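Read the sequence shown against our numbering and you will find it ends at 454, with the numbers running on by one and no gaps.
Cβ atoms here follow ideal geometry from the backbone N, Cα and C, with glycine treated the same way.
It should be emphasised that the depicted structure is a prediction, and the values quoted were computed from it without experimental measurement.
So the structure is just underneath, and the comments pick up after that.
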Amino acid sequence: PIPTLRRGPRGLALENVDLADIAAAHGTPTYVYSLAALTAAYQSWRDALGERRALVCYAVKANANLGVLSAFARLGAGFDIVSGGELTRVLAAGGSADKVVFSGVGKNAAEMRQALEAGIRCFNVESAAELERLAEVAAAMGKVAPISLRVNPDVDPKTHPYISTGLRNNKFGVAFDEALILYRRAAALPSLRVAGIDCHIGSQLLDGAPALEAAEKILGLVDRLAAEGIELEHIDLGGGLGIRYRDEEPPAVADYLAPLLAPFDGRREELMFEPGRSLVGNAGLLLTRIEYLKPGVEKNFAVIDAAMNDLARPALYDAWHDIVEVAPRASVRRYEVVGPVCESGDFLGRDRSLGVEAGDLLAVLSAGAYGMTMSSNYNSRPRAAEVIVDGAHAHLVRARETVEQLYAGEQPLA
Ligand code: LLP
Numbered sequence: 041p042i043p044t045l046r047r048g049p050r051g052l053a054l055e056n057v058d059l060a061d062i063a064a065a066h067g068t069p070t071y072v073y074s075l076a077a078l079t080a081a082y083q084s085w086r087d088a089l090g091e092r093r094a095l096v097c098y099a100v101k102a103n104a105n106l107g108v109l110s111a112f113a114r115l116g117a118g119f120d121i122v123s124g125g126e127l128t129r130v131l132a133a134g135g136s137a138d139k140v141v142f143s144g145v146g147k148n149a150a151e152m153r154q155a156l157e158a159g160i161r162c163f164n165v166e167s168a169a170e171l172e173r174l175a176e177v178a179a180a181m182g183k184v185a186p187i188s189l190r191v192n193p194d195v196d197p198k199t200h201p202y203i204s205t206g207l208r209n210n211k212f213g214v215a216f217d218e219a220l221i222l223y224r225r226a227a228a229l230p231s232l233r234v235a236g237i238d239c240h241i242g243s244q245l246l247d248g249a250p251a252l253e254a255a256e257k258i259l260g261l262v263d264r265l266a267a268e269g270i271e272l273e274h275i276d277l278g279g280g281l282g283i284r285y286r287d288e289e290p291p292a293v294a295d296y297l298a299p300l301l302a303p304f305d306g307r308r309e310e311l312m313f314e315p316g317r318s319l320v321g322n323a324g325l326l327l328t329r330i331e332y333l334k335p336g337v338e339k340n341f342a343v344i345d346a347a348m349n350d351l352a353r354p355a356l357y358d359a360w361h362d363i364v365e366v367a368p369r370a371s372v373r374r375y376e377v378v379g380p381v382c383e384s385g386d387f388l389g390r391d392r393s394l395g396v397e398a399g400d401l402l403a404v405l406s407a408g409a410y411g412m413t414m415s416s417n418y419n420s421r422p423r424a425a426e427v428i429v430d431g432a433h434a435h436l437v438r439a440r441e442t443v444e445q446l447y448a449g450e451q452p453l454a
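Below, the structure written as structure tokens:
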């Protein structure tokens, strides 16, 4: 699934760097990303959008490493953020505030002030209460906040229930029927400027039809607003395009976008998208070493040095990530690939065929999205290092955390 991963004479290599060399230089577990793969993924969005006026706002939550953000900033991407922390990261990485959209149901006043001060492109407002608070915060600062309403189009994205967000019964966005009333309210508030509309129906979408249904509903609303004299500058169709982890067959970006773009032909609004996973998921892997092999009566275990705290997706969603040997051995057995954390749910893969010995390296694939960003320090495990490979160069973009950093803000009782 990672386009720049190849098998060379010294085992697996990402671009032109042997994974064994990365392990030797930086230890394990380490997240390794390919700059060429990130760039190609972004370029496939740009190519599919062609000459259309459109902004691709990379969803920072998928992978917030400064190295990754700086790569997208250089490519001209915008950013979709969900916290003040993500905004700080984007700016630290060289992203420009005027390409930032701010999503999320729980923005607090301090985050609103920070984003207004920075001059972001748009707040994606998710409730009536948030709209009122933003108006107050902006008024107190003597500023005008650009807003978009995240409208919940009530379509079923047919994905994992934990990551589907566009159905009526979940917490995201404002109900379709409520949107018109809220837009009128926003238009009447002098500290708000109605800039756009947005929606996001879910993640890891493998079928374009629900997104098209959502886009058409949104467009209907845009035209009703225009009829009332509320003209929008942009339409943001969110993120969600899925990737291949195992045998999924997500549409290519161009095939996903073609039907979505058709209804917008000849319209004057700028289009925006908020892809996360499809830009980084298959640009990264988690490099880990086998500590022990533990043959069992019913199952064999490969105990690795990465765990659920490093990559939560298997434990959390029962998600599949391919696991491959960096340098495979001839004799193959089936293993439960588990980490050192004290939970039975601490597995990265179940029942996997591997030709390995203790001490060997494994690569957990498709780990570029929602890997490091969802990691934790459970069991006082310092978080992994992160490396970006660019051709024959490996750049350490995050040093491995130390245990002292973990408790730096703590105190024993006096
Ligand atoms: N925009 C909004 C408003 C979102 O909520 C999300 C993702 C995105 C954009 C980016 O979606 P993407 O293109 O990455 O699908 N932790 C889960 C995924 C959670 C996605 C949450 N929202 C996982 O590991 O599968």
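Legend entry - contact_flag[the stretch 410-427, the stretch 342-359] where n(CB pairs < 8 Å) is 3 or more: Flag = yes, the stretch 410-427 and the stretch 342-359 touch.
Legend entry - Own chain, CB closer than 7 Å to residue 50, minus 5 neighbours either side, in chain order: Counting only Cβ-Cβ distances below 7 Å, and skipping sequence neighbours, we find 58 and 60.
Inset, instruction - Only counting runs of 3 or more residues, tell me where the beta strand (DSSP E) segments fall wholly within the stretch 134-174, in order along the chain. - result: Entirely contained in the stretch 134-174, the beta strand (DSSP E) runs reaching 3 residues are, in chain order, 140-142 and 162-165.
Legend entry - Outcome for residue 295 when other beta-carbon atoms lying within 10 angstroms are tallied against a minimum of 16: Looking at its Cβ environment, which holds fewer than 16 other Cβ atoms inside 10 Å, residue 295 is exposed.
Legend entry - Sequence-distant residues of the same chain with beta carbon closer than 6 Å to residue 115, five excluded per side: Excluding sequence neighbours, residue 115 sits near 82.
Legend entry - Spatial distance of residue 343 from residue 141 (CA atoms): Taking the straight line joining both Cα atoms gives about 42 Å.
Inset, instruction - Answer yes or no: the CB of residue 487 versus the heavy atoms of ligand 1, is any distance below 7 Å? - result: Shown here, the chain extends from 41 to 454; a query on residue 487 therefore has no answer.
Inset, instruction - Could you name the residues that DSSP lists as bridge partners for residue 376? - result: Assignment of beta-bridge partners to residue 376 by DSSP yields 341.
Inset, instruction - In the DSSP assignment, find the unbroken beta strand (DSSP E) run with residue 392 in it and report its ends. - result: Residues 387-394.
Inset, instruction - Consult DSSP for residue 86 and reduce its assignment to one of helix, strand or coil. - result: Of the three classes helix, strand and coil, the one that applies to residue 86 here is helix, per DSSP.
Inset, instruction - Let me know the beta strand (DSSP E) ranges lying completely inside the stretch 315-339, each 3 residues or longer, listed in chain order. - result: Qualifying beta strand (DSSP E) stretches, in chain order: 324-334.
Legend entry - residue 308, DSSP secondary structure in three states: Three-state DSSP puts residue 308 in coil, outside helix and strand.
Inset, instruction - Provide the residue span of the alpha helix (DSSP H) that contains residue 128, from first to last. - result: Annotation: the continuous alpha helix (DSSP H) that includes residue 128 extends over 124-132.
Inset, instruction - State yes or no: is the C-beta of residue 109 within less than 8 Å of the C-beta of residue 125? - result: No.
Legend entry - Member of 222, 225 and 213 whose CA lies at the smallest distance from the CA of residue 241: In this structure, 213 is the residue among 222, 225 and 213 with its C-alpha nearest to the C-alpha of residue 241.
Inset, instruction - Measure the Cβ-Cβ separation of residue 65 and residue 44 and say whether it is below 8 Å. - result: Cβ distance not < 8 Å, so residue 65 and residue 44 don't count as in contact.
Legend entry - Rounded C-alpha distance that separates residue 259 from residue 93: In a straight line, the C-alpha of residue 259 is about 17 Å away from that of residue 93.
Legend entry - Inter-stretch contact at 8 Å, needing at least 3 Cβ pairs: the stretch 309-329 / the stretch 232-247: Cβ pair count under 8 Å is three or more, so yes.
Legend entry - As assigned by DSSP and simplified to three states, the class of residue 58: Note: residue 58 maps to strand in three-state DSSP.
Legend entry - beta-carbon residue 334 near ligand 1 non-hydrogen atom, thresh 7 Å: Residue 334 Cβ: outside cutoff for every heavy atom of ligand 1.
Inset, instruction - For residue 245, count neighbouring Cβ atoms within 10 angstroms of its own Cβ and tell me buried if that reaches 16, exposed if not. - result: By the neighbour-count criterion, in which 16 or more other beta carbons inside 10 Å mark a residue as buried, residue 245 falls on the buried side.
Inset, instruction - Compute the minimum distance between the beta carbon of residue 345 and the heavy atoms of ligand 1, and state whether it is under 7 Å. - result: Residue 345: no, Cβ never under 7 Å from ligand 1.
Inset, instruction - State the start and end residues of the unbroken alpha helix (DSSP H) segment that holds residue 415. - result: Premise fails: residue 415 is in no alpha helix (DSSP H) and is neither H nor E.
Inset, instruction - Decide if the stretch 311-331 is in contact with the stretch 272-284; the criterion is three or more beta carbon pairs, one per stretch, under 8 Å apart. - result: These segments touch.
Legend entry - residue 326 and residue 409 closer than 8 Å at C-beta: 8 Å or more divides the Cβ of residue 326 from the Cβ of residue 409.
Legend entry - For residue 42, three-class secondary structure by DSSP: Residue state for residue 42 is assigned as coil, using DSSP reduced to three classes.
Inset, instruction - Consider the C-beta atom of residue 143 and the heavy atoms of ligand 1; say whether any pair is separated by less than 7 Å. - result: Checking every heavy atom of ligand 1 against the Cβ of residue 143, one is found closer than 7 Å.
Inset, instruction - Check whether the Cβ of residue 48 sits closer than 7 Å to any heavy atom of ligand 3, and report yes or no. - result: The model depicted lacks ligand 3 and carries ligand 1 instead.
Inset, instruction - Check whether the Cβ atoms of residue 426 and residue 98 lie closer than 8 Å to each other. - result: Pairing residue 426 with residue 98 gives a Cβ-Cβ distance that is not under 8 Å.
Legend entry - Enclosing beta strand (DSSP E) for residue 404 [first to last residue]: From DSSP, the beta strand (DSSP E) with residue 404 extends over 401-404.
Inset, instruction - Tell me whether residue 68 sits in a helix, a strand or coil according to DSSP, three-state version. - result: Here residue 68 carries a coil assignment [DSSP, helix/strand/coil].
Legend entry - Near ligand 1: residue 329 beta-carbon under 7 Å from a heavy atom: No, since every heavy atom of ligand 1 falls outside the 7 Å radius drawn around the Cβ of residue 329.
Inset, instruction - Could you give the DSSP three-state label for residue 256: helix, strand or coil? - result: Helix.
Legend entry - Assigned secondary structure, residue 212 (DSSP; H/G/I helix, E/B strand, else coil): Residue 212 falls in the coil class under three-state DSSP.
Inset, instruction - Report yes if the C-beta distance between residue 331 and residue 369 is below 8 Å; otherwise report no. - result: In this structure, residue 369 does not lie closer than 8 Å to residue 331 by Cβ.
Inset, instruction - Determine which residues share a DSSP beta bridge with residue 115 and list them. - result: Note: residue 115 sits in no beta bridge, so no partner.
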